[in-house]
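A.B. asks: The structure under discussion is supplied below as structure tokens; questions concerning it will follow.
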Amino acid sequence: MNIKQLELFVAIVTSGSFSKGAEAACITQSTASQHIATLEDLCGVRLLDRTGRGVMPTEAGKVLLYHARQVLRAIKETEQALLRFRQAEGVELSVGGSTIPGTYLLPKAIAALRQTDPGLYVKAMIGDSSEILEKLLSEQIEIGVVGRVADDRQFSSETLGHDEILLVARQGHPWSGRADVKPEELLTVPIIMREKGSGTNEVVAAALRSQGIRAADLKVAATMSSSEAIKQGVLADCGVAFISRMAVSEELRQGGVVSITICGMSITRTFFLVQRKGRALSPAAERFSEALRQVT
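Residue numbers 1 to 296, in the working numbering, belong to the letters of the sequence shown in order.
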């Protein structure tokens with residue numbers, strides 16, 4: 001039993017005529033008769049009766065008609081769903097971003113994508129880099145943007161953009177009027193750090209090690225899991241902090257916090273667009289990836 005046979009059967013019953021059913025299927029009437037005979041052999045029962053009022057389904061034919069229509073309807077709905085999938089229409093796309101790109105890049109990409117694909121719904125999950133990579137592995141999300149290099153045995157990555165990590169203090173802090181500070185002076189003041197697993201934390205720790213400073217020796221006043229919390233901590237004078245320029249640009253402009261230069265130290269980080277290795281991206285994910293490239 002195949003789709004063409006079911007389409008022909010439904011067309012014949014609907015029109016009440018072999019000739020009209022054959023015409024709808026673009027075949028000859030004799031070919032249509034052969035197909036129906038084959039279908040009846042497969043079903044093991046008579047399906048159609050020729051009457052003075054035209055072709056009528058038998059009781060078995062009525063059963064087949066009901067299910068054939070369901071099958072053909074399901075096929076049509078499947079074709080339409082796949083078309084929408086290819087066009088990213090009415091599709092839900094799950095993506096993820098570590099704190100900084102998730103907060104400052106994903107919304108821009110979503111806004112850009114809405115201009116071309118208004119039917120695409122994006123579900124964005126925000127976490128630290130480790131959490132986003134875990135969500136990729138468990139296939140909770142299709143693509144992610146993180147601030148650290150991912151294991152190339154498990155992930156495929158491309159460089160998306162760069163960000164500068166600044167040391168900031170509130171306006172009025174003893175360091176706020178200085179041209180620069182020495183790296184070792186970081187050991188003398190309270191400092192707010194990001195949580196373990198954060199891409200920012202890893203980049204800062206590596207930069208400190210290059211200056212002979214262990215992160216464990218810092219006077220950590222607090223550990224916070226979001227840039228917004230760190231900004232508020234700095235403004236409340238809990239301590240100085242390393243933070244993304246993206247996250248603190250408005251506060252720098254308004255003068256609430258100041259950026260402090262560290263002698264011989266400049267910290268930049270790279271954002272990576274990541275997907276699970278060996279997985280082909282959906283059309284929606286491809287479109288979103290392109291939107292991300294455009295906004296970075």
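Just so it is clear, CB atoms sit at the ideal spot from N, CA and C, and this is done for glycine as well.
Looking only at its own chain, which residues have a Cβ that is under 7 Å from the Cβ of A221, when we skip the five neighbours before and after it?
C.D. replies: P190, I191, I192, C238, G239
A.B. asks: Return the Cβ separation of T296 and G161 in integer angstroms, given the expectation that the two are a contact with Cβ distance under 8 Å.
C.D. replies: Approximately 3 Å separates the beta-carbon atoms of T296 and G161; this is inside 8 Å, confirming the contact.
A.B. asks: Which of the three DSSP states, helix, strand or coil, is assigned to S282?
C.D. replies: coil
A.B. asks: Can you tell me whether DSSP reads G61 as helix, strand or coil?
C.D. replies: helix
A.B. asks: So, using beta-carbon positions, are K20 and I27 closer together than 9 Å?
C.D. replies: no
A.B. asks: I'd like to know whether the C-beta atoms of G144 and L273 end up nearer to each other than 9 Å.
C.D. replies: Their beta carbons are under 9 Å apart, which means G144 touches L273 by this criterion.
A.B. asks: Taking a contact to mean a Cβ-Cβ separation below 9 Å, would you say A215 touches V204 in this structure?
C.D. replies: yes
A.B. asks: Which ranges would you report for the beta strand (DSSP E) in the stretch 53 to 117 if only whole runs of at least 3 residues count?
C.D. replies: 54 to 57, 92 to 98
A.B. asks: Only counting the same chain, and skipping five residues up and downstream in sequence, which positions put a Cβ closer than 6 Å to that of A124?
C.D. replies: If we look at A124 and ignore the five residues flanking it on each side, its Cβ neighbours are V95, L106.
A.B. asks: State yes or no: is the C-beta of R194 within less than 9 Å of the C-beta of S225?
C.D. replies: yes
A.B. asks: Over what stretch of residues does the alpha helix (DSSP H) that includes V203 continue unbroken?
C.D. replies: 199 to 210
A.B. asks: What is the rounded straight-line gap between the Cα of W175 and the Cα of T268?
C.D. replies: 22 Å
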